[in-house]
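S.K.:
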Amino acid sequence: MPNAVVVATDLSASARAAIRQAHRIAGQRDAALHAITVVDPDEPARLARVTGMTRDQADHRVTQKTAEQLDHELAAAGADATAQPHVIIGPPTDAITDLCRRENAALLVLGYHGWGESGGGPGGTARACTRHAPCSVLLNRDQHDGPFTNIVAAADFSEASNHAIRAAADLARADHARLTLFHAYINPFDSPFLYDAGASALIQLEQYQQSLKADLETLADRLAPDLQHTPTTELILEPNPAKAIASYCRTRHADLAVIGALGRSALRHMLMGSTAERILQHSPAAVLVVRTHNP
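To convert, note that position 9 of the sequence shown is 891 in this note's numbering; the numbers rise steadily by one, no gaps.
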């Protein structure tokens, strides 16, 4: 059963929050913690050209110095006694996802930005790792290194969504956080083929809304006995689910959004261009993408 936690860092100050978050979650799960930083192959090549070192000597020097920096960052985050450090020379995404496979990781933690990237959405390395990692991925916000307090889980009633909701409930229980089950839906009766339905369409829409609400409340009721706070539900008529959940997280000050890596909202294992990718781009909160096959 996968249980290890991997945290990837570019050794920046903002990445320290991701290390602390990974250290905290690994402690809750009694899981092994692995910390990885990846060196661009151009760095030792440049050193070899400038100094006359052989490539092997340059690789060794760069790896040694980077390992010292990683040890410093782990100590600053309070994780030096528990984390196993890894320094790899190579492409970041390949190195990080390979380590996750090798260590049978259940969770990969990264900062939203890193490797010289900035902006509102996640950086390229974070996006690529979210697509290709064999495990669940937590994209942590730069300043958040403590327990989550207000978690929003996207629900579309698929198996992947139900799996993500269980993961959200586990975090809510461990952190004593509030949990909201969120569903955005379109009006299935808003169709040119039903233009003459009139009052009948309105009645059907109301019944449809009641059915969705009942399904959400059933999910919440199942989770309630294990949580400190009774889960709440939110049902919103909005054809753009990514926009809806990002807006909801912003107005309700949520600090974590939880989504499945597969679902009925056109989600695929490769997340680029999907609803999940748009949530990653626009969410003001940290985002946990849960792999169906990997609790």
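Ideal Cβ positions, reconstructed from N, Cα and C, are used throughout, including at glycine.
Whose C-beta lies closer than 7 Å to the C-beta of A1056 among residues of the same chain, with five residues either side of it excluded?
M.R.: Residue 1056 sits at position 174 when you count from the first residue of the sequence shown. Answer for A1056: Q910, listed in chain order.
S.K.: Ordered along the chain, which non-local residues of its own chain (more than five positions away) have a Cβ less than 6 Å from that of T1114?
M.R.: By one-based count along the sequence shown, residue 1114 stands at place 232. Same-chain partners within the cutoff: T1062.
S.K.: Run the CB neighbour count on G1028, radius 10 Å, all protein chains shown included, and call it buried at 16 or more, exposed below.
M.R.: Counting from 1 along the sequence shown, the entry for residue 1028 is found at position 146. That one is exposed.
S.K.: Under three-state DSSP, which class holds H942?
M.R.: Locating residue 942 in the sequence shown gives position 60, counting from the first residue. If DSSP states are grouped into helix, strand and coil, H942 belongs with the helices.
S.K.: Out of H1065, E1120, Q1110, A1035, state which residue places its alpha-carbon closest to the alpha-carbon of A1168.
M.R.: Position 286 of the sequence shown holds residue 1168. A1168 has its Cα closest to that of A1035, out of H1065, E1120, Q1110, A1035.
S.K.: Can you give me the start and stop residues for the beta strand (DSSP E) that S1018 sits inside?
M.R.: Here residue 1018 corresponds to residue number 136 of the sequence shown, with the count starting at 1. Segment 1018-1022, the beta strand (DSSP E) holding S1018.
S.K.: Using 7 Å as the threshold, is the C-beta distance between V1140 and A1046 below it?
M.R.: What you label residue 1140 is simply residue 258 of the sequence shown in a count that begins at 1. What you label residue 1046 is simply residue 164 of the sequence shown in a count that begins at 1. Yes, they are a contact pair.
S.K.: Among Q903, A914, D1103, whose alpha-carbon lies nearest the alpha-carbon of A987?
M.R.: On the sequence shown, residue 987 is found 105 positions in, with the first residue counted as 1. Answer by Cα proximity: A914.
S.K.: Beta-carbon within less than 7 Å of L929's beta-carbon, same chain only, minus the 5 sequence neighbours each way: which residues are those?
M.R.: Mapped onto the sequence shown, residue 929 falls at position 47. These residues qualify, in order along the chain: M935, A940, R943, V944.
S.K.: Could you name the residues that DSSP lists as bridge partners for T1115?
M.R.: On the sequence shown, position 233 is the one that residue 1115 refers to. DSSP output for T1115 lists L1063 as bridge partner(s).
S.K.: Which residues in the same chain have their Cβ closer than 7 Å to the Cβ of T919, if we skip the five residues on either side of it in sequence?
M.R.: As a position in the sequence shown, residue 919 is number 37, starting the count at 1. The residues are T891, D892, L893, T948, L952, V969.
S.K.: Is G1006 helix, strand or coil by DSSP?
M.R.: Start at 1 with the first residue of the sequence shown, and residue 1006 comes out as number 124. G1006: helix per DSSP, three-state reduction.
S.K.: From this set, Q1089, F1064, L1087, which residue's C-alpha is nearest A1124's C-alpha?
M.R.: Against the sequence shown, residue 1124 aligns to sequence position 242. For A1124, the nearest C-alpha among the options comes from F1064.
S.K.: What residues match up with T1234 in a beta bridge as DSSP calls it?
M.R.: Outside the displayed span of the chain (883 to 1177) sits residue 1234, for which this structure offers no information.
S.K.: Considering only DSSP beta bridges, list what A1168 is partnered with.
M.R.: Position 286 of the sequence shown, counted from the first residue, corresponds to residue 1168. The partner list for A1168 (beta bridge, DSSP) reads L1138.
S.K.: Rounding to the nearest angstrom, what Cα-Cα distance links E1088 and L1117 in this structure?
M.R.: To locate residue 1088, count along the sequence shown from 1; it is residue 206. To locate residue 1117, count along the sequence shown from 1; it is residue 235. So the two alpha carbons sit approximately 12 Å from each other.
S.K.: How would you write the range of the alpha helix (DSSP H) that G993 sits in, first residue to last?
M.R.: By one-based count along the sequence shown, residue 993 stands at place 111. Premise fails: G993 lies in the beta strand (DSSP E), 987-993, not in any alpha helix (DSSP H).
S.K.: Can you say whether P967 is buried or exposed, counting buried as having 16 or more other CB atoms within 10 angstroms of its CB?
M.R.: Here residue 967 corresponds to residue number 85 of the sequence shown, with the count starting at 1. Under this definition P967 is a buried residue.
S.K.: Taking three-plus beta-carbon pairs below 8 Å as touching, is the region 1008-1015 in contact with the region 951-965?
M.R.: Because the criterion of three Cβ pairs below 8 Å is not met, the region 1008-1015 and the region 951-965 do not touch.
S.K.: Alpha helix (DSSP H) containing A899: first to last residue?
M.R.: As a first step, residue 899 must be located in the sequence shown, where it is residue number 17. Where A899 is concerned, the enclosing alpha helix (DSSP H) stretches over 898-911.
S.K.: If you draw a straight line from the alpha carbon of A1136 to that of R1060, how long is it in whole angstroms?
M.R.: Residue 1136 sits at position 254 when you count from the first residue of the sequence shown. Residue 1060 sits at position 178 when you count from the first residue of the sequence shown. Each residue's alpha carbon lies about 9 Å from the other.
S.K.: Report yes if the C-beta distance between V1172 and A1015 is below 7 Å; otherwise report no.
M.R.: For the purposes of this step, residue 1172 is taken as the residue at position 290 of the sequence shown. For the purposes of this step, residue 1015 is taken as the residue at position 133 of the sequence shown. No, they are not a contact pair.
S.K.: For N1122, does the three-state DSSP call read helix, strand or coil?
M.R.: Here residue 1122 is taken as the residue at index 240 of the sequence shown, counted from 1. Coil at N1122, not helix or strand.
S.K.: Taking a contact to mean a Cβ-Cβ separation below 7 Å, would you say L1020 touches Y994 in this structure?
M.R.: On the sequence shown, position 138 is the one that residue 1020 refers to. On the sequence shown, position 112 is the one that residue 994 refers to. Against a cut-off of 7 Å, the Cβ pair of Y994 and L1020 comes out as no contact.
S.K.: So what does DSSP say about I1085, is it helix, strand or coil?
M.R.: Indexing the sequence shown from 1 puts residue 1085 at position 203. Helix, per DSSP.
S.K.: Please state whether DSSP places I1033 in a helix, a strand or coil.
M.R.: As a position in the sequence shown, residue 1033 is number 151, starting the count at 1. Reduced to three states, the DSSP call for I1033 is strand.
S.K.: In terms of residues, what are the limits of the alpha helix (DSSP H) holding A1054?
M.R.: Taking the first residue of the sequence shown as position 1, residue 1054 is located at position 172. First-last of the alpha helix (DSSP H) with A1054: 1041-1057.
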